[in-house]
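See structure below.
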Amino acid sequence: MSETVSFLKPKATNPATNPVVDEVVRANIAVKRANALELLHAIAEEHGEVTFANSFGAEDMVLTDLILAEALPIEIFSLDTGRLPAETYALMGEVEKRYDARLKVYFPDATAVETYVRSQGINAFYESVELRKQCCAIRKVEPLKRALAGKQAWITGMRAAQSATRTELPVRQFDEANGLAKYNPLSDWSEQEVWAYIRIHGLPYNALHDQFYPSIGCAPCTRAIAVGEDVRAGRWWWEDPANKECGLHKK
Numbered sequence: 001m002s003e004t005v006s007f008l009k010p011k012a013t014n015p016a017t018n019p020v021v022d023e024v025v026r027a028n029i030a031v032k033r034a035n036a037l038e039l040l041h042a043i044a045e046e047h048g049e050v051t052f053a054n055s056f057g058a059e060d061m062v063l064t065d066l067i068l069a070e071a072l073p074i075e076i077f078s079l080d081t082g083r084l085p086a087e088t089y090a091l092m093g094e095v096e097k098r099y100d101a102r103l104k105v106y107f108p109d110a111t112a113v114e115t116y117v118r119s120q121g122i123n124a125f126y127e128s129v130e131l132r133k134q135c136c137a138i139r140k141v142e143p144l145k146r147a148l149a150g151k152q153a154w155i156t157g158m159r160a161a162q163s164a165t166r167t168e169l170p171v172r173q174f175d176e177a178n179g180l181a182k183y184n185p186l187s188d189w190s191e192q193e194v195w196a197y198i199r200i201h202g203l204p205y206n207a208l209h210d211q212f213y214p215s216i217g218c219a220p221c222t223r224a225i226a227v228g229e230d231v232r233a234g235r236w237w238w239e240d241p242a243n244k245e246c247g248l249h250k251k
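For the sequence shown, counting from 1, position 244 maps to 244 in full-length UniProt numbering; every step adds exactly one.
Laid out in structure tokens, this is it:
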């Protein structure tokens, strides 16, 4: 009898996605949630047109829940680069069903993508930092500019502890590249607190997180990390950690 071949990824146990949730943790998360909600209400009140950039990472699921469950007057948008993992698309569908909401998705300019691929190659981003940044500019930065056009403020799920490029991340800053206020409500949250919130509230999340993918972007540019590695070590792992950003979040 022949063996059954499975193309599904093996189930993994990632301790980071399953933190201990006791009464102390629940109390702490309740305070964190209240503070984040207070800030989000203040942002919506101060700025007429506010949008949240949702890439469907763990942090973004926390903010998605806060915004949609509380029916805050904050738009949510996502960037579909055309090379996202299947697990990200599955999560997008889960979010739409859970909150009975239709997502606002922006795509890269098809002509620009075709020109890049035809002139440089399908996976040219591996060849140099310059070519990788060109790909990010086409698939992420340009669509972001369209998403932020006419807005007065935007919100991200970035945390200060995520990488060397995000230390001392302020809650509020001015985005000079896009000319509007930028907020990072979870800046002081730890990874453990993010996952405690997800577990307490039973939120859906990207299945890749259980496969040791703490930070998830485009499929070709994201890998799993080893225990003890920086949470963004799996993003553009062939590059210098001090410069690993795609251009969406310039200092």
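Even glycine gets a Cβ: it sits at the ideal position worked out from N, Cα and C.
- G93: buried (16+ other C-beta within 10 angstroms of its C-beta) or exposed? By the Cβ-count criterion, G93 is exposed, with fewer than 16 other Cβ atoms from all chains shown falling within 10 Å of its own Cβ.
- Query: Relative to the C-alpha of D22, which residue among W238, R199 and A207 is closest?
  - Reply: Residue R199 is the option with its Cα nearest to D22.
- Message: Tell me whether the segment 43-60 and the segment 149-162 touch, counting them as touching only if at least three CB pairs, one residue from each stretch, are closer than 8 Å.
- Response: A contact exists between the segment 43-60 and the segment 149-162.
- Query: Using the C-alpha atoms, what's the distance from S119 back to L79?
  - Reply: For the pair L79 and S119, the Cα-to-Cα distance works out to about 24 Å.
- With distances taken between CB atoms, is the gap from W195 to T17 smaller than 8 Å? For the pair W195 and T17, the CB atoms are nearer than the 8 Å cut-off.
- Item | Runs of alpha helix (DSSP H) wholly within the segment 60-107 (minimum 4 residues, chain order) | Segments of the alpha helix (DSSP H) lying fully in the segment 60-107: 86-99.
- Taking Cβ positions, are E49 and G179 nearer each other than 8 Å? Taking C-beta atoms as the reference points, E49 and G179 fail to come closer than 8 Å.
- Task: May I have the straight-line CA-CA distance separating T165 from A110, to the nearest angstrom?
- Result: At T165, the pLDDT of 49 sits below 50, so the modelled position is not reliable and the matter cannot be decided from this model.
- Is there contact between the segment 137-145 and the segment 103-117, where contact requires at least three CB pairs shorter than 8 Å? Because the criterion of three Cβ pairs below 8 Å is met, the segment 137-145 and the segment 103-117 touch.
- Message: Does A30 come out as helix, strand or coil in the three-state DSSP assignment?
- Response: When DSSP states are grouped into helix, strand and coil, A30 belongs to the helix group.
- Going straight from the alpha carbon of G202 to that of E70, what length do you get? As the crow flies, the alpha-carbon of G202 is around 16 Å from that of E70.
- Task: Label P85 either buried or exposed according to how many other C-beta atoms from any shown protein chain fall within 10 Å of its C-beta, with 16 as the threshold for buried.
- Result: When all chains shown are included, P85 counts as buried.
- Would you call the segment 169-184 and the segment 28-48 in contact, with 3 or more CB pairs under 8 Å? Pairwise C-beta distances place the segment 169-184 in contact with the segment 28-48, as three or more of them are shorter than 8 Å.
- Query: Do the segment 23-34 and the segment 125-137 touch if we need at least three Cβ pairs shorter than 8 Å?
  - Reply: Here the segment 23-34 makes no contact with the segment 125-137; the two share fewer than three CB pairs at distances below 8 Å.
- Task: Taking A124 as the reference, give the member of V95, P220 and E193 with the closest Cα.
- Result: Of V95, P220 and E193, the smallest CA-CA separation from A124 is found for P220.
- Out of curiosity, what's the CA-to-CA distance linking N14 and A160? Between the alpha carbons of N14 and A160 lies a gap of roughly 22 Å.
- Task: Rank D210, G217, T222 and G234 by C-alpha distance to the C-alpha of P19 and give the top, closest one.
- Result: Taking only the C-alpha atoms, the option nearest P19 is D210.
- Query: So which of Q152, S190 and D188 has the shortest CA-CA distance to F174?
  - Reply: Closest by alpha carbon: Q152.
- Task: Identify the continuous beta strand (DSSP E) that holds T51 and give its terminal residues.
- Result: Element bounds for T51: V50 to A53.
- Coil, strand or helix - T17 by DSSP: Correct three-state label for T17: helix.
- Message: Quick check on Y213: does DSSP put it in helix, strand or coil?
- Response: Residue state, collapsed to three classes: coil.
- Message: Contact defined as beta carbons within less than 8 Å: I believe P204 pairs with L68. What is the distance between those atoms, to the nearest angstrom?
- Response: P204 to L68, Cβ: 12 Å. No contact.
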